[in-house]
């Protein structure tokens, strides 16, 4: 069974590679004059590489020459690089970017529009701009197993309010003191859990605890690669407890022409958190290359047509 | 000084004395995993050490093998065991058992070897068979050293059982790990104080048990000369 799925994935991966090769061939076909050069960077984790590839390949398809600086580093490396013009564009996360550029002033909220507006307020003087944020988010999230979700018919966090006292919450040991965690669930949603189990923040202990049933609700990140594989369902944060870490392109104003913005906004408009989980899974669990995964996504969603 | 005051007041907050994170529950968890590990370790180590000591064979081999157990870091073993067994008490008990075995093997082997050969000859001469000689002559004489091994193991295990909290287990280590994660240093100190107190209590209570188990004859041998005379008269 494992062997069979393995070979299926191998064929899928081959298909992806082939289509990627075809797609790349299309964009760099001789005779196309470049509309300019754009340098796209990404943070040092796979999801950021995938997003940077999505932006970069879409721009390349539109006729720009794209340089990639993937896995460039943390925000402490990437942000100075874009300020100094060494890079032109990187996929950011609205709330985290805001708290970086405002030096941790605590302005970020669960409202993505307001958060992005405040972010732009800080970016303007730096010659930078945040475009329209995507619906796709990579933020703290609370997950339950499929079985638990079915048993109590759970889809969003407010569904936990009446039944929380039957469930055990698992997260890092700091959760009972952090506003985004147990106290926030109590004040924002009125959820009181039966007990709290100190594990880790989105690590192997949390996964093991889901597996042996010692917790029913656990803290994860919304775009974790293995959520589908583990059969975990993220409960929707319907009252916006968590800061809005929606994917948003951070771009230099001089590069952000209306044409570039249109291309990037079209990507972000189509992207969902589920897409992120799928693509992260392809890269982190199936060890496919980020550029191939991004190309397959763009192909599938007709960005190249 | 303010940290000590915080620790002091933490102990007197009644909220910290019940619930799943209260002192009684955490203490009970700690005692349970420690006791289970020492008992399992003793069940493995003592027969091996005693038999090898009794027959005087393969002693170096056994001691060397069990001493490699001391070289294995408990934390490393714990993490590997967690990968295999997953969440629960299994990994911590495995790691602590491995820690508990070496002192008990070494001490019980040495204890049996150190029994005076003249005494063994005398036992043989009086018609004791092998098993009776082991159970009724050698073992009682070996009790002080064997108990010293058990005490060493138990104190080490109690102190190391704090590691359980790292793989989401219970016990007093919970206070240390959680206190660190939330930068509540008073809670960390509470955990450290409780573990130290439990280790001391373990040492004292096992010492008490040893006093009960050691045969009267050996106690008399070690008694001061002044008392020796009088007790021998009544004996």
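Chains as they are written, first to last, in this note's numbering: chain R, 1 to 305; chain D, 306 to 540. The C-beta atom is built at its ideal place from N, Cα and C for all residues, glycine as well.
CB contact below 8 Å: residue i versus chain D
i: residue 199(R); result: yes
i: residue 211(R); result: yes
i: residue 208(R); result: yes
i: residue 245(R); result: no
i: residue 195(R); result: yes
i: residue 285(R); result: no
i: residue 214(R); result: yes
i: residue 205(R); result: yes
i: residue 4(R); result: Note on residue 4(R): pLDDT 45, under 50, position unreliable in the model; the coordinate value appears next. By this cut-off, residue 4(R) is not an interface position.
Test: residue i CB closer than 8 Å to a CB of chain R
i: residue 467(D); result: no
i: residue 325(D); result: yes
i: residue 472(D); result: yes
i: residue 331(D); result: no
i: residue 483(D); result: yes
i: residue 311(D); result: no
i: residue 544(D); result: Residue 544(D) is absent from the structure shown; chain D starts at 306 and stops at 540.
i: residue 479(D); result: yes
Those residues which DSSP pairs with residue i across a bridge
i: residue 252(R); result: 128(R)
i: residue 221(R); result: 140(R)
i: residue 69(R); result: 41(R)
i: residue 195(R); result: 168(R)
i: residue 246(R); result: 137(R)
i: residue 92(R); result: 248(R)
i: residue 236(R); result: 156(R)
i: residue 145(R); result: 232(R)
Burial state of residue i (16 or more Cβ within 10 Å)
i: residue 417(D); result: buried
i: residue 240(R); result: exposed
i: residue 54(R); result: buried
i: residue 151(R); result: exposed
i: residue 496(D); result: buried
i: residue 25(R); result: For residue 25(R), the predicted structure reports a pLDDT of 43, less than 50, and the residue's modelled location is therefore unreliable. The matter cannot be settled from this model.
i: residue 57(R); result: buried
i: residue 76(R); result: exposed
i: residue 115(R); result: buried
i: residue 103(R); result: exposed
i: residue 74(R); result: exposed
i: residue 28(R); result: Note that residue 28(R) scores a pLDDT of 44, beneath 50, so its modelled location is shaky; the value from the coordinates is reported in the next line. Its Cβ having fewer than 16 others within 10 Å, residue 28(R) is exposed.
i: residue 323(D); result: exposed
i: residue 188(R); result: buried
Nearest residue (CA-CA) to residue i, options the options
i: residue 502(D); options: 367(D), 346(D) and 463(D); result: 463(D)
i: residue 353(D); options: 407(D), 421(D), 342(D) and 434(D); result: 407(D)
i: residue 438(D); options: 420(D), 480(D) and 452(D); result: 420(D)
i: residue 373(D); options: 504(D), 466(D), 500(D) and 403(D); result: 403(D)
i: residue 441(D); options: 308(D), 326(D) and 359(D); result: 359(D)
i: residue 366(D); options: 315(D), 491(D), 410(D) and 307(D); result: 410(D)
i: residue 118(R); options: 134(R), 191(R), 99(R) and 127(R); result: 99(R)
i: residue 455(D); options: 325(D), 429(D), 348(D) and 380(D); result: 348(D)
i: residue 310(D); options: 391(D), 465(D) and 494(D); result: 494(D)
i: residue 522(D); options: 466(D), 507(D), 448(D) and 461(D); result: 448(D)
i: residue 541(D); options: 474(D), 445(D) and 341(D); result: This structure does not reach residue 541(D), given that chain D is present from 306 up to 540, and the question cannot be answered.
i: residue 78(R); options: 259(R), 250(R) and 294(R); result: 250(R)
Neighbour flag for residue i against chain A, beta carbons, 8 Å
i: residue 109(R); result: Looking at the structure shown, chain A is missing, and the protein chains on hand are R and D.
Residues of the stretch 165-178 of chain R with a CB closer than 7 Å to any CB of chain D: list them in chain order, please. Listed in sequence order: 172, 173, 174 and 177.
Note down, in chain order, all residues in the stretch 481-510 of chain D with a beta-carbon under 9 Å from any beta-carbon belonging to chain R. Answer set for the stretch 481-510 of chain D: 482, 483, 484, 485, 486, 487, 488 and 489.
Positions along the stretch 363-393 of chain D whose CB lies within less than 9 Å of some CB in chain R: Of all residues in the stretch 363-393 of chain D, 387, 388, 391, 392 and 393 have a Cβ within less than 9 Å of some Cβ in chain R.
May I ask you to list, following chain order, the residues of the stretch 92-124 of chain R that have a beta carbon less than 8 Å from some beta carbon of chain D? Those residues of the stretch 92-124 of chain R placed with their C-beta closer than 8 Å to a C-beta in chain D do not exist.
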